Amino acid sequence: MTNVSVNVHHLTRVEGHGNIVVDVRNGELKECRLDIVEAPRFFEAMLLGKPYQQASHITSRICGICAVGHATASLRAAERALEVELSEQTVLLRKLNFHGEIIDSHVLHTYMLVAPDFLGVGSVIPLAKTHAQVVLRALRIKKLAGDLCAMIGGRHTHPIAMCVGGFTHAPSEAELRAMRERLVAARSDMDETVALFKTLDWPQFERETEYVSLTKPDEYAFIDGQIKTSDGFLYDLDDYRKVTNEKVVPHGTAKQTSHNRESYMVGALARFNNNSDQLHPRAKDAAAQLGLEPVCTNSFLNSAAQVVEMVHCVEDAIIITDELLVRGCKPEEPAAVEVKAGEGVGCCDVPRGILFHDYEIGEDGLISGANCIIPTGQNYANMEADMRALVPQILDRPEPEITLMMEMLIRAYDPCISCSTHFLNVEFVR
Amino acid sequence: MDPRTLVLGLGSPLMADDAAGIEVIELLRQKAVPPEVTVRDGGTGGWGLVAEMEDYQRVILVDSARMGARPGDWRRFTLEEASLLSEDQPSLSLHGAGLDGALQLAEALGVMPSELVIYGIEPAEVRWDRPMSGEVRTALPAVAEAVLAEVTGKATYSG
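Protein chains in written order, with numbering that gives the first Met the number 0: chain A, 0 to 429; chain B, 0 to 158.
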C-alpha cells in the first residue's frame, strides 16, 4: 500500500508560517492541511485609537504587494462611516491606481512564481538565465504598473497621496499623456504574455466550489458594488458577515470562512467566473486563447485568469486615462469631512480576492473598532479542500511530483502571508 | 553613463526595528541631498526592487540586517564583502520575496547597477506592533550622515 508523506516548509524561512502537510498511510489520507499565519489580526489592534486619517497609511504598509488595495479599502471604510461623497475625478483616479496594482501583482505572480514551474526550472532565478527575455518583459510590465501607481499615489510601492475624500495630488496632463502612450505600447507585451501562458500545460483538476467576488451592474468590479456568489447569492457590502462566517481552526492562526458550501474561492478566477461578460473585448479574446470559460472549476487556472485581468486592466486604464484627459484632471481639494460617530464597510477586490475593512469611528474621529478580512483567510478552507481532492488523484505518482503538484496548487492562490520578514541575513566573508 | 544615484530605504514601519531603512530616508529628506540623487522609501517591495534599481548607475540600499553584531551597530558593505544568506528555492507566495531574492534576480539578468552599496543596521527586535528599539533609533542619525557623506562625495571608499 502507498505511504506518502509530504511536508513542505518553505513558504517563508520563518518556522510555522506556511507548511503543507500531507500524510497518507496504506493508501488512506490521514492528514492534509495547510498551516498559515496571517497578520491582519495585528493590524486590527494597531488601528484602535488611531485617527481615521491614519488608517489607510497604516494598512497600506501591511504589504508591498497589495498596498493600494488595502489603502483603498481602508479609505472606503472611513468614507462610508463618515458619509463622505467622492468627486468623479477621485473615483476615476482610484480605479486607475487600482488597475496599476492589479497589473503589478499579477505580472509578478504569473511570471515569477507560476511560470518557472511550467518552464521546467525551479524558480525565477534560473528562469532569468534560461529565458531572460521572458523575465525582462515581466519587469518591464511591472515597471509600467509601478510608475502608474506612483503617478497617482505619489510614491512607488506604498501610496502617500491617497486620503479620505480624495487625493492630495493630481497627475498633470503631460503625465497622463505619457502614461497613455506607455499603456498603448504595453499591448505587445500583453500579447506576448497571452502567447506564453497559452503554451503552458495546466494540470487537469476540477472541483466545484462557490466563487465570491464583487459585482457592479456597469463594469468589471474592483472597488465597491455588491457581493456576488456563483451559487446565486447577492449581498450589500454591509452584510459581508453573511458571506464570511469566520471561524478559528486549530492549526494555523488564520480564521477560515465558509458560506453556502464547506468553502469558497476568491481572486481572479472568482471574478472571472462571476463577471467575465464585463471584460474588455481584448481580455475576452485572451480568455478564449487561454481556453478559459466561465464557470471554470480548475483552481490552477486562477493564474490564467490573472493574465486575462492584466489585459483588461491595461485596456481599461487606457479608457480611464482618455476620460481624464477629455474631462480634465486638476488638483482638487479632498471632499470635506464632518467628523461624527459611525461605522463603515470598505470593500475592494484586490489581486488575491475580495477584501473587507470594517471600521467603527467615534465622535472624536478615533477608530474604536476594526475588522479586516483578507482574501487568503477566505481562500484558506478552499485551498485545503482542493488539497484533499487532489491528493487521492495523484497518489500513484512519485513523492517529489506529488510535492510539486501541491506546491503549484497553493502557488496558484498566491497566499498573502504578510508576516514574512524582510530584513537581511548577512554573513561577512572573512 | 547615467550618473544618477538611488538611495533606497527598505523595511516596514509597522515592524519595530525593520523600520530602520525607511527612517534613515526620512532623515535624509531633511538634508541637502544633491539633485542627481534620488532618495526613496522602498517599503517592502520584494521582486519589484529589480525594476526600481534599473535606471540607476549607483544604488545605495539601507536596510535592517542580521549581521551577528550588537543591536544598533551598523555597517557599510558591498556584495563582495558579504554573502546574503538565502536559498534559491521556489516560494509559495510573492510575500516570501525579499531583497536577497531581488538581488539574485538582478544578477542573473545582468541588470545589477554598476555600484551597489548596502548600509545594514542590526535590529534588536523585528515584530509587528512594537516600537523601534532605543539602540536602533540612536544609531539612525549617524547612518544618515554616512550616506549623505557618500552621496556628496565627502567620503570615499575603496571597494
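Think of the CB as a built atom: it goes at the ideal place given N, C-alpha and C, for glycine as much as any other residue.
It should be emphasised that the depicted structure is a prediction, and the values quoted were computed from it without experimental measurement.
Among the residues of its own chain, which have a CB less than 8 angstroms from the CB of M96 of chain A, if the five just before and after it don't count? The sequence shown places Asn at residue 96 of chain A, rather than the Met named in the question. So the qualifying residues of the chain are V67, T71, L147, C148, I151, G152, P158 and M161.
Tell me, please, whether the region 206-222 of chain A touches the region 260-268 of chain A by the rule of three or more beta-carbon pairs shorter than 8 angstroms. yes
Report the residue from A:I416, A:Q88, A:V120 and A:G48 whose alpha carbon sits nearest the alpha carbon of Y379 of chain A. A:I416
Label S212 of chain A either buried or exposed according to how many other C-beta atoms from any shown protein chain fall within 10 Å of its C-beta, with 16 as the threshold for buried. buried
Contact criterion: CB-CB distance below 8 angstroms. Does R3 of chain B meet it with respect to chain A? no
Residues that Q56 of chain B contacts on chain A, provided the C-beta gap is smaller than 8 angstroms: Going along chain A, no residue has its Cβ under 8 angstroms from Q56 of chain B, so there is no contact; the nearest lies around 17 angstroms.
Taking H98 of chain A as part of the alpha helix (DSSP H), name the residues at either end of that continuous run. E87 to L107
Between which two residues does the beta strand (DSSP E) carrying Y118 of chain B extend? E114 to I120
Spell out whether any CB of chain B is found under 8 angstroms from the CB atom of H105 of chain A. no
Bridge partners - R136 of chain A, DSSP secondary structure assignment: Looking at the DSSP assignment, R136 of chain A forms no beta bridge with any residue, so it has no partner.
Under 8 angstroms between beta-carbons, which chain B residues line up against R79 of chain A? List them in chain order, please. What R79 of chain A touches in chain B: nothing, since even the nearest Cβ is about 24 angstroms away.
What first and last residue would you give for the alpha helix (DSSP H) that runs through V310 of chain A? N301 to R326
Here's the rule I'm using: 16 or more other beta-carbon atoms within 10 Å means buried, otherwise exposed. How should G290 of chain A be labelled? exposed
Closer than 8 angstroms to chain A by CB, P12 of chain B: yes
Can you list the alpha helix (DSSP H) stretches of 4 or more residues lying completely in the region 258-283 of chain A, in chain order? 267-274
Is the shortest distance between the beta-carbon of A81 of chain B and the beta-carbons of chain A less than 8 angstroms? yes
DSSP beta-bridge partners of E27 of chain A: A:R24
How is I222 of chain A classed by DSSP in three states: helix, strand or coil? strand
For A107 of chain B, go through chain A and note every residue whose CB falls closer than 7 angstroms to its CB, in chain order. I124, A127 and K128
What does the alpha-carbon distance come out to for the pair K399 of chain A and E100 of chain A? Note on residue identity: the sequence assigns Pro, not Lys, to residue 399 of chain A. Each residue's alpha carbon lies about 34 angstroms from the other.
Within the 8 angstroms Cβ cut-off, does T71 of chain A reach chain B? no
Taking 8 angstroms as the threshold (C-beta atoms), are V32 of chain B and Y118 of chain B in contact? no
Does the pairing of the region 351-363 of chain A with the region 310-329 of chain A give three or more beta-carbon distances under 8 angstroms? no
So for C371 of chain A, helix, strand or coil by DSSP? strand
Does any residue of chain B have a CB that is nearer than 8 angstroms to the CB of G15 of chain A? At G15 of chain A the pLDDT is 41, less than 50, meaning the model places this residue with poor confidence; the figure from the coordinates comes in the next sentence. It does not; no Cβ of chain B falls within 8 angstroms.
Please state the DSSP three-state secondary structure of G8 of chain B. strand
Spell out whether any CB of chain B is found under 8 angstroms from the CB atom of D413 of chain A. yes
Q55 of chain B to E292 of chain A, Cα distance in whole Å? Residue 55 of chain B is actually Tyr in this sequence, not Gln. Spanning the two alpha carbons is a distance of roughly 43 angstroms.
Measure the CB-CB distance between T156 of chain A and G47 of chain B and report whether it falls below 8 angstroms. yes
Answer with buried or exposed for Y156 of chain B, where buried requires no fewer than 16 other C-beta atoms within 10 angstroms of its C-beta. exposed
Buried or exposed for S171 of chain A, please, with buried defined as at least 16 other CB atoms from any protein chain shown within 10 angstroms of its CB. exposed
Return yes when the Cβ of L182 of chain A is within less than 8 angstroms of the Cβ of I317 of chain A, no when it is not. yes
Relative to the C-alpha of R79 of chain A, which residue among A:A137, A:K339, A:A177 and A:G266 is closest? A:K339
Just curious, the beta strand (DSSP E) that F232 of chain A is in, first and last residue? From DSSP, F232 of chain A is part of no beta strand (DSSP E); its letter is neither H nor E.
Quick one: does A64 of chain B have its CB under 8 angstroms from some CB of chain A? yes
Can you list, in chain order, the residues of its chain with a C-beta nearer than 8 angstroms to that of G343 of chain A? Leave out the 5 residues immediately preceding and following it. R75, A76, A77, E78, R79, A80, L81, D357, Y358 and I360
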